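Enquirer: One structure is given below, represented as structure tokens, and several questions about it will come after.
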Amino acid sequence: MNLLLDSCTLIWLASEPARLSQAAAAAINAPEAILHISHASLWEITLKHGAGKLTLPTTPRQWWTEQIAKWGLVELPLTAEALLRGNELPSHHKDPFDRVILAQSLMHDLAVVSPDESFPPYGVRVVW
């Protein structure tokens, strides 16, 4: 299964895996799972870390690199199309990072692993 991890899902996977639902943990750990992560998440994580709202055990650069290697994550770059599609989505959800993640999920046919209850109205598959 092709999965796109929400920012909080990656953070919890790395630091507090008990916060993941059973369904999310099972999907992530399934042998056939291909895990993707958006550069929108990288941007969100670096901004929150810089603002003192997120503590990481190392620098964001080192932490990100370690998570990519540890979980075998496929990085989804921020593209003009993802940014434009995120902007064109209905305004149920205001968070710009989540809107890009939603757009990328739709563009690449990926299920999103997220506890965010505002994702399903966008027609994306959500695992939680």
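Those letters in the sequence shown? Residues 667 to 794, by my numbering. Think of the CB as a built atom: it goes at the ideal place given N, C-alpha and C, for glycine as much as any other residue. Computed from a predicted structure; not experimentally measured.
1) Go ahead and label E710 buried or exposed: buried means 16 or more other beta carbons lie within 10 angstroms of its beta carbon, across all protein chains shown.
2) At which residues does the beta strand (DSSP E) containing A882 begin and terminate?
3) So, do the stretch 672-685 and the stretch 741-753 have three or more beta carbon pairs nearer to each other than 8 Å?
4) Could you compute how far the alpha carbon of I785 sits from the alpha carbon of I694?
5) Could you check whether A777 and L671 sit closer than 7 Å to each other, using their CB atoms as the reference points?
6) Report the rounded CA-to-CA distance for L739 versus V793, giving the unit in angstroms.
7) Closer than 6 Å: is that where the CB of L768 sits relative to any heavy atom of the ligand MG?
8) Report, in whole angstroms, the separation of the C-beta atoms of I703 and E732, which I expect to be a contact under 8 Å.
Expert: With the given structure in hand:
1) buried
2) Outside the displayed span of the chain (667 to 794) sits residue 882, for which this structure offers no information.
3) no
4) Sequence inspection shows Phe at residue 785; the Ile mentioned does not correspond to that position. Approximately 18 Å between the Cα atoms of the pair.
5) no
6) 17 Å
7) The ligand MG is not part of the structure shown, which contains no ligands of any sort.
8) Their Cβ separation, rounded to whole angstroms, is 13 Å, which puts I703 and E732 out of contact at 8 Å.
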